[in-house]
Each structure stands twice: as structure tokens, then as C-alpha cells.
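Here the structure comes first, spelled out in C-alpha cells, and everything after it is commentary.
Residue numbers (the working numbering): 11 to 356.
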């Protein structure tokens, strides 16, 4: 299997992939990762070119294209000689760079086609964490990227990769770097496992005990599905009475991008939604996600601990449960005979 993996600078893609390589190895799988950026700098040094990590994005575009082509040819040659040695080959690239307030693509369609990837994926990070990381990097600290620029950069990365996958007729998945390594493992080695989106009331659920219940629920769910979990972002959200302005731009961008990621990426790439309410609270997000799943013909299960419920909840669900215990009794019976994942998650 060949996977094209992307992620914007600072999102932790390289670190996540290296952790995955070690994790897959512990489960008996051989993984080969080609980090194109590292290989490009090494090739430049071999060719006697003065290209540094700090200023590589200032390099003449024709020089970069030539270097990248040489790296891709080297990877293809190496892969053809050694592909029987590995269970999965990952080509780690960037779809786009954001440099000097402009977007620059960093891919080559002809080589993507030569790799003939089986799937595409983008590893995302929380924009607040990405900003903290980039603000101290020698290459990026003078760019002074705003939170909204980082959010839009990540938005462009996922949209482009989704388009690539569609043009190649291959699946595309995006998920946060906080996802269990088992997520990546299942996508690569257990594609038959059903993908589900775990929805929960994030904005109005602040009790730490309830949050712990959600974490434990997600862990148990991993035994039966490939589970995509939304991120409780660290960015601020706008006051409901505050209009869009220069002062609220970051908050509105954070808010709108959260909806975009959850609906158009995490839910869209899943075949089922499971909504878990540890307690009966208001959750416009969960209701909207449930409706989206219903109207796109996805399965919809809800765990809701109350006999009194809005008709706008019951209208969009297929099956409901009073608590997680009741749910897992049903799930064990419903999934009898199907593939289960009982390995560690990280």
C-alpha cells in the first residue's frame, strides 16, 4: 500500500508518522516513510547548492521543481527495488506552503500519479498549538502568522488533498494529531472496519468527569470501528452578540473552521455517526451533525440519558440508548462475527 500523507508546517505530521512507524512495527507491520522535505535538502547539499532550511522557500521555483523531481525519481527507484520489504510506504509531503502572505503549491501531479497511491490523508493540528510552534521556529518566526492565517492554510491543505484523492478515485481522510495511532493503522491495514464519527456536546459540557467518560467511551468504541474524534480547540469563540469585526476575526475564523472540519471532513469521511451525551445538555452542534448524517444516509445512533427529549433529536436518529452500558451491550451483539480491534491504541 502507498499512502500520500500531508500536513501544514507545525501540525506535527513528521512526529506523528514516526510514532506510527514504531507503533505499526510493534504490531508486526513494516513501514517505510519518505520525508520529501528532508530528502530535498539532502539532495541539494549533495549537488553543492546553498539551500538552507531557513530560507528554502525563497529558492527559485525552477530549481525547487528540478530538485523535487530528482527526489521523487530517487524515491520511485528505491520503492521499486524494495517494495516487497514493506507493508506500507508513506510519502510525506506538503500540499501547500504559506510564505510571505501567499500560497505556494509544493506538489507535482505527474509524480503523484506515478506513485499510484492507495489513499491520501492529511494530519491536522490545533491552530493555537501550530502558532506557538511556528512562532519560535527560525524559519517562521519573522512571518508572524496570525491564528486565522494558520486556520485558512490548514483549510486549503485539506481541500486540495481531498480534490487530489477525488481526481485519482482514491479515499481521503483527515484527522487531528491527537487521534490514536490505531486510527492510522486501521485505515492502512484494516480498511474493512467501518468508519464512525463520534459526536458529543463539547461547548456546553465542562464537567471533567463527563469528559473522562467521553474519552473512555471513545476507547471502547475503537474495538469495533475506526473512530474519528473532533478536537476541542484551544482558540477562543465569539460572543453570540458580537458581530464580525477586526477584533473578533480570529474567534469567528476559529468557530467557522470548527464547523467546516467537523461536518465536511470528519463526518463526511465516516459511514456512521454516534452521538454520546454523558448528560442531557444543549448541543446545537450535535443536532446539526445528526441532521447532516441523516440527510446523507449515514447510520445514526444516539446515547441520551433522559426520557424527555426534543423531537428534533428523535427525528434524525436510527436508534437510541439510555447510557453507554446499554449501548455496548447492544453493540457487542450487533457486531458479533465482525472484525474487532483489541490491540493497544498508541
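Cβ atoms here follow ideal geometry from the backbone N, Cα and C, with glycine treated the same way.
Beta-bridge partners assigned by DSSP to residue 110: none are found. Here residue 202 is exposed, its C-beta having fewer than 16 other C-beta atoms within 10 Å. Assignment of beta-bridge partners to residue 15 by DSSP yields 102 and 131.
When Cβ pairs closer than 8 Å are counted between the two stretches, the stretch 14-21 is seen to touch the stretch 140-155, the count reaching three or more.
A straight line joining the alpha-carbon of residue 49 with that of residue 351 spans about 35 Å. Around the Cβ of residue 123, a 10 Å sphere holds fewer than 16 other Cβ atoms; the residue is exposed. Contact between residue 31 and residue 43 holds: CB atoms are separated by about 6 Å, below the 8 Å threshold. Under the three-state reduction of DSSP, residue 309 is assigned to strand. Residue 207: not part of any alpha helix (DSSP H); member of the beta strand (DSSP E) spanning 205-209, first to last residue. By the 16-neighbour rule on beta-carbons within 10 angstroms, residue 308 is buried. Residues of the same chain with a CB within less than 6 Å of the CB of residue 161, apart from the 5 flanking positions on each side, are 137, 263 and 267 in chain order. By the Cβ test, the stretch 254-262 is not in contact with the stretch 222-237, since fewer than three Cβ pairs between them sit closer than 8 Å.
Around the beta-carbon of residue 192, 16 or more other beta-carbon atoms lie within 10 Å, marking it buried. Segment contact: the stretch 78-86 against the stretch 165-176, fewer than three CB-CB distances shorter than 8 Å; contact not assigned. With respect to the 8 Å criterion, residue 130 and residue 76 are not classified as neighbours on the basis of their beta carbons. In the structure shown, the three-state DSSP call for residue 329 is strand.
Two segments are said to touch when three or more pairs of C-beta atoms, one from each, lie closer than 8 Å; by this definition the stretch 180-198 does not touch the stretch 285-304. Counting C-beta pairs with one atom in each stretch, the stretch 179-190 and the stretch 236-246 have three or more that are closer than 8 Å, which means they touch. No residue range can be given for residue 180, since it is assigned to no alpha helix (DSSP H) and is classified by DSSP as neither H nor E.
Distances from the CA of residue 140 to each of 60, 283, 280 and 244 were compared; the closest alpha carbon is that of 244.
By the beta-carbon neighbour count (other beta carbons within 10 angstroms, threshold 16), residue 37 is exposed.
With contacts defined as CB atoms closer than 8 Å, residue 27 and residue 102 qualify as a contacting pair.
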